[in-house]
Amino acid sequence: DAKTTQPNSMESNEEEPVHLPCNHSTISGTDYIHWYRQLPSQGPEYVIHGLTSNVNNRMASLAIAEDRKSSTLILHRATLRDAAVYYCILTSLNAGNNRKLIWGLGTSLAVNP
Amino acid sequence: DSGVTQTPKHLITATGQRVTLRCSPRSGDLSVYWYQQSLDQGLQFLIQYYNGEERAKGNILERFSAQQFPDLHSELNLSSLELGDSALYFCASSPLAGTNNEQFFGPGTRLTVL
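One line per chain: the protein sequences are A and B, in this order.
Numbered according to our numbering, the first sequence spans residues 7 to 119.
Numbered according to our numbering, the second sequence spans residues 989 to 1102.
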């Protein structure tokens, strides 16, 4: 299974952009890249996902490298509520042609007021 | 509130025992996923059910089993419990079978095995 590598922790200031990197050098052509985040004492919540092209939604942007071996989650203006653990995840096809999410340990983002 | 409910919130039991965790998916969602989150291993995918049938299997131990009922709620059964089974267990749901759909997570059940 392809794996992801993220920094253990990052820090940002409120109202500044945040770029959260993820390396996935063993990604296969059919793997999608997903980002979820987990706020303290809560279950994870979906942020964004993509395959090859950059993606934008109301929460964030996802920039995917041309060779797909890395990606960056961009929070355009960090708020205190964005303090969470951010997981970069690949979906991998298994033998039955079903996908499963391969989670890493995530990046713990601290946001300073 | 994701719309996914899990019971109980907390469970304390002893080694060797058996427990059942329950999950009710969001209204209309046909897929249910189970995850285990321990401090040293992060989130581990255990198993997925879609409309009552097993769809995908992850790192689920043989001592663990799950099922999805006709009303779409799901139960995760953990037996012969060991200290290492202490963890947060999350259930998630999504409308369709594919894991490229957004998954909605419940608040989790914290299991402590003494």
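Note that beta-carbon positions come from the ideal geometry of N, C-alpha and C, so glycine has one too.
Item: Please report the straight-line C-alpha distance between Q48/A and L79/A, rounded to a whole angstrom.; Value: 21 Å
Item: State the CB to CB distance for the pair T97/A and Y42/A, rounded to an integer number of angstroms; the pair is presumed to be in contact (CB under 8 Å).; Value: With 8 Å as the limit, T97/A and Y42/A do not qualify as a contact, their Cβ atoms being about 12 Å apart.
Item: Exposed or buried, what is Q1091/B when buried is set at 16 or more other beta-carbons lying within 10 Å of its beta-carbon?; Value: buried
Item: Would you be able to state if there are at least three C-beta pairs under 8 Å between the region 1056-1075 of chain B and the region 992-1006 of chain B?; Value: yes
Item: For my contact list, Q44/A and G110/A are in at a C-beta cut-off of 8 Å; report their separation, rounded to the angstrom.; Value: So it is not a contact: roughly 12 Å between Cβ atoms.
Item: What do you reckon, are the CB atoms on G991/B and S1019/B nearer than 9 Å?; Value: no
Item: Once you ignore the five residues that flank I33/A on each side, which residues in its own chain have a CB closer than 8 Å to its CB?; Value: A8, I39, R74, K75, L96
Item: If you draw a straight line from the alpha carbon of I108/A to that of F1057/B, how long is it in whole angstroms?; Value: 26 Å
Item: Could you list which residues in chain A have their beta carbon closer than 7 Å to that of N1065/B, in chain order?; Value: Result: empty, since nearest Cβ-Cβ is about 20 Å, beyond 7 Å.
Item: Taking P27/A as part of the beta strand (DSSP E), name the residues at either end of that continuous run.; Value: 24-29
Item: Using a Cβ cut-off of 9 Å (strictly closer), state whether A1080/B contacts chain A.; Value: yes
Item: Would you give the residue range spanned by the beta strand (DSSP E) that L53/A belongs to?; Value: One detail in the question is off: residue 53/A reads as Val in this sequence, not Leu. Where V53/A is concerned, the enclosing beta strand (DSSP E) stretches over 51-56.
Item: Among the candidates G1072/B, P996/B, R1051/B, Y1021/B, whose CA atom is the shortest distance from the CA of L1027/B?; Value: G1072/B
Item: Skipping 5 residues on each side, what residues in its chain have a beta carbon closer than 6 Å to that of P119/A?; Value: E20
Item: Could you check if P996/B is buried or exposed, using at least 16 other CB atoms within 10 Å of its CB as the buried criterion?; Value: exposed
Item: Run the CB neighbour count on R64/A, radius 10 Å, all protein chains shown included, and call it buried at 16 or more, exposed below.; Value: exposed
Item: Rounded to whole angstroms, what's the CA-CA distance from I936/B to T58/A? Just pull it up for me.; Value: In the structure as shown, chain B starts at 989 and stops at 1102, and residue 936/B therefore has no counterpart that could be examined.
Item: To the nearest angstrom, report how far apart C94/A and L26/A are at their CA atoms.; Value: 9 Å
Item: Counting only Cβ pairs nearer than 7 Å, list the residues of chain B close to H55/A.; Value: N1088
Item: Of the residues Q1029/B, I1035/B, L1049/B, G1030/B, which one's Cα is nearest the Cα of S1062/B?; Value: I1035/B
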